[in-house]
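Student: Would you mind keeping the following structure in view while I ask a few things?
Residue numbers (the working numbering), protein chains in the order written: chain R, 1184 to 1416; chain H, 18 to 504.
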């Protein structure tokens, strides 16, 4: 098993060479999903059920695209900026571009993430920043140093569907894996086993909502809604 | 869904006439170099080990025990003929017989006679080889023989190939006369239903001469008085033989192989009548394939040996084509039977290229002829061949074939010291796991030698699985049973 080096967020058996930043390639996600669903030799099942598995992944993309949290994310549009970032340092120096930004704003630090070539860091601000101030604290440390790092809004539009299994989408690995497991199970003979499907469903929606909630920083900027149980839309 | 344990035990043996997805779960799709014993355990068959004094790589095609520890065998000569050699002394005689000729052996009055079509029979009297041109005058030099009631019967000679020459009682002398102890010749042409020829002789119940033709079999009742020899008129079998060397006494039965199967002539349960039964229907598709690949009639006949130690009737069939020596390789059917049991255990195995070309058993010793290897003992402890045991189950569905299972564990009970490997395939024969024991290596990191029940992770999803046991190691191996835990 290839173990991802560095502070890669999820210790899946995904080679960093086939990932983009913190997001893994679809074929690796499918492999993980099939493994976790109880098939040690994933190659056989993937060869047999490639289309249903890709469809399952695209259903997750659909779910993300129409999720209220995600749609709210798209409202956080701002102009790109340039920052100087240092590896393993959560304090970045804004050089240009911003007019001002509040705390808990999701943003993307381009090209300073994990992988080779480096992917992006998906994070959010921890402090507010006004013009003239030099440093800004973010939640995640860059993986590499870059004096001219482009800082962009996190998601500028909806996410495109997967066409090939060699593609990346900016959806958390864990969400994709649980989603593939869930939709694949639903569409197959597992319908005759409601407990398994229900269990998988809870797990999937928990992951989806947690991930999007984290991106939107629901915990930080909103009152915690104690009625949230996972499948809330 | 709850997990459930599905046990698989009491295997039956090879089934070559059903689809692997539809056959009974106790049958095996493949049973190579293995047999199923009377308890339904899958056992590895012994391999072979060169006898001491035999040079490795010798091309030996024929063998027959003369007595305890003495084996006569046929080796390829420098000129492409057959040299008959006595083991262990090595006394040899170069015959003029072509390599691959169908020869027959028959012991009579302490002498082993060796017969070949139209050739002069040779004999081994315990100390020397003799070319028996006097005992067997030109008109009766046939290729098959049997010994019944102290007489030697020879047949398979022209011009009609339907005559049997019977010697004098207690003498190797075929002089015909009218006295009770004189020799005789009789022709069965008029008793046959078609234009046929004698292909083999056998002795049945000590006092009957079984005359095997290509299409049918007749019995002659022998008698000390040659004038009382008579055709058994109420018993004739519409089954012939494909090889005189397949005719073997097994218990009180007489086994033989025909163009369509392996049969037994025997006395029926009522003790009064005789019957002929067919054993091989369960492997007949494979059997027909082997018959198709056999060389044309006259040479390279199939052979058989009955090994009472283990209860095996091995039928070795020459098959045209590589990878064999002389462009022939030897397929082997192994029929496991307890002939006298009240509830006979019948089980089949088949090894496509087993190496063995001939075999002979005498008083606990089993010797085999292996072309390009030599004269060997069957041996499980020091076997030197690379033959591979391979036994594969039917597709095991654990309930409905329409529902996918989530497999969890695989449990196995086995004994023996041969290392082995367990493979798993799904319902479409796609390899799921090449080596289930991989996570349980023994000291040298290779395959496991199990000494206890094994409980292995078996994490797969499929509609059904086929389990395959493979061993390429020396030593014995017995797969008792296994179980699968599935959800």
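We treat Cβ as the ideally placed atom computed from N, Cα and C, and that holds for glycine. A quick note: this is a predicted structure, and the numbers were derived from the prediction, not measured.
Once DSSP output is grouped into helix, strand and coil, what is the label at residue 424 of chain H?
Tutor: Three-state result, residue 424 of chain H: strand.
Student: Out of R:1338, R:1386 and R:1335, state which residue places its alpha-carbon closest to the alpha-carbon of residue 1360 of chain R.
Tutor: R:1386
Student: What does a CB cutoff of less than 7 angstroms around residue 230 of chain H pick up in its chain, not counting 5 residues either side in sequence?
Tutor: If we look at residue 230 of chain H and ignore the five residues flanking it on each side, its Cβ neighbours are 209, 213, 214, 215, 216 and 257.
Student: Starting from the Cα of residue 201 of chain H, find the closest Cα among H:149, H:207 and H:247 and give me that residue.
Tutor: Comparing Cα-Cα distances from residue 201 of chain H to each of H:149, H:207 and H:247, the minimum goes to H:247.
Student: Is residue 478 of chain H close to chain R, meaning its C-beta is less than 9 angstroms from at least one C-beta of that chain?
Tutor: yes
Student: Say whether chain R places a C-beta atom closer than 9 angstroms to the C-beta of residue 504 of chain H.
Tutor: At least one CB atom of chain R sits nearer than 9 angstroms to the CB of residue 504 of chain H.
Student: Compute the beta-carbon to beta-carbon distance between residue 82 of chain H and residue 371 of chain H, rounded to the nearest angstrom, for a pair I have assumed lies under 8 angstroms.
Tutor: That pair is no contact at about 20 angstroms.
Student: Going by DSSP, name the residue or residues bridged to residue 122 of chain H.
Tutor: H:131
Student: Do the CB positions of residue 475 of chain H and residue 430 of chain H come within less than 9 angstroms of each other?
Tutor: The answer is no: Cβ separation not under 9 angstroms.
Student: Ordered along the chain, which non-local residues of its own chain (more than five positions away) have a Cβ less than 6 angstroms from that of residue 404 of chain H?
Tutor: 50 and 64
Student: Where does the unbroken beta strand (DSSP E) through residue 220 of chain H begin, and where does it stop?
Tutor: 215-221
Student: Report the neighbours of residue 449 of chain H on chain R: residues whose CB is nearer than 7 angstroms to its CB, in chain order.
Tutor: 1224 and 1227
Student: Keeping to the same chain, check which residues put their C-beta closer than 7 angstroms to that of residue 292 of chain H; ignore five residues upstream and five downstream.
Tutor: Sequence-distant Cβ neighbours of residue 292 of chain H in its own chain, meaning closer than 7 angstroms and more than five residues away, are 283 and 285.
Student: How is the alpha helix (DSSP H) around residue 1361 of chain R delimited, first residue to last?
Tutor: 1356-1370
Student: Would you tell me roughly how many angstroms separate the C-alpha atoms of residue 1396 of chain R and residue 1286 of chain R, rounded to the nearest one?
Tutor: 15 angstroms
Student: Would you say residue 25 of chain H reaches chain R, if we count a Cβ-Cβ gap shorter than 9 angstroms as a contact?
Tutor: no
Student: So what's residue 1296 of chain R in DSSP terms, helix, strand or just coil?
Tutor: Residue 1296 of chain R: coil per DSSP, three-state reduction.
Student: Look at residue 1308 of chain R and residue 1213 of chain R and say whether their C-beta atoms are less than 9 angstroms apart.
Tutor: no
Student: Using C-beta distances below 8 angstroms, list every residue in its chain close to residue 113 of chain H, excluding the 5 sequence neighbours before and after it, in chain order.
Tutor: The beta carbon of residue 113 of chain H sits closer than 8 angstroms to the beta carbons of 98 and 136 from its chain, once the five residues preceding and following it are set aside; these are given in chain order.
Student: What's the C-alpha gap between residue 1227 of chain R and residue 449 of chain H?
Tutor: 7 angstroms
Student: Counting C-beta neighbours from all protein chains within 10 Å, is the total for residue 348 of chain H 16 or more, i.e. buried, or is it exposed?
Tutor: Looking at its Cβ environment, which holds 16 or more other Cβ atoms inside 10 Å, residue 348 of chain H is buried.
Student: Does DSSP put residue 1394 of chain R in a helix, a strand or coil?
Tutor: helix
Student: Which stretch, first to last residue, makes up the beta strand (DSSP E) that contains residue 78 of chain H?
Tutor: 77-84
Student: Based on the DSSP secondary-structure assignment, which residues constitute the bridge partners of residue 477 of chain H?
Tutor: H:424
Student: Below 6 angstroms CB to CB, which residues in the same chain sit around residue 165 of chain H once its five sequence neighbours on both sides are set aside?
Tutor: 220, 226 and 239
Student: Can you tell me the Cβ-Cβ gap for residue 482 of chain H and residue 423 of chain H, rounded? I've got them flagged as a contact below 8 angstroms.
Tutor: With 8 angstroms as the limit, residue 482 of chain H and residue 423 of chain H do not qualify as a contact, their Cβ atoms being about 12 angstroms apart.
Student: In whole angstroms, what is the alpha-carbon distance linking residue 267 of chain H and residue 323 of chain H?
Tutor: 7 angstroms
Student: Excluding the 5 residues flanking residue 1191 of chain R on each side, which residues of the same chain have their C-beta closer than 6 angstroms to its C-beta?
Tutor: Confidence is the limiting factor: at residue 1191 of chain R the pLDDT is only 35, short of 50, which leaves the residue's position unreliable and the question unanswerable from this model.
Student: Excluding the 5 residues preceding and the 5 following residue 297 of chain H in the sequence, name in chain order all residues of the same chain whose CB lies nearer than 6 angstroms to its CB.
Tutor: 278, 279 and 304
Student: In terms of DSSP beta bridges, what is residue 65 of chain H paired with?
Tutor: H:395
Student: Select from the region 262-274 of chain H all residues with a C-beta closer than 9 angstroms to any C-beta belonging to chain R, and list them in chain order.
Tutor: none
Student: Return no unless some Cβ of chain R is closer than 9 angstroms to the Cβ of residue 472 of chain H.
Tutor: No - not a single Cβ of chain R is within 9 angstroms of the one on residue 472 of chain H.
Student: Are residue 1267 of chain R and residue 1329 of chain R touching if we call contact CB-CB under 9 angstroms?
Tutor: yes
Student: Give the residues of chain R in contact with residue 485 of chain H, contact being defined as C-beta atoms less than 7 angstroms apart.
Tutor: Per Cβ cutoff of 7 angstroms: no residues; residue 485 of chain H is ~15 angstroms from chain R at best.
Student: Going by CA-CA distance only, name the one from R:1273, R:1207, R:1379 and R:1399 that's closest to residue 19 of chain H.
Tutor: R:1379
Student: Does any C-beta atom of chain H lie closer than 9 angstroms to the C-beta of residue 1216 of chain R?
Tutor: no
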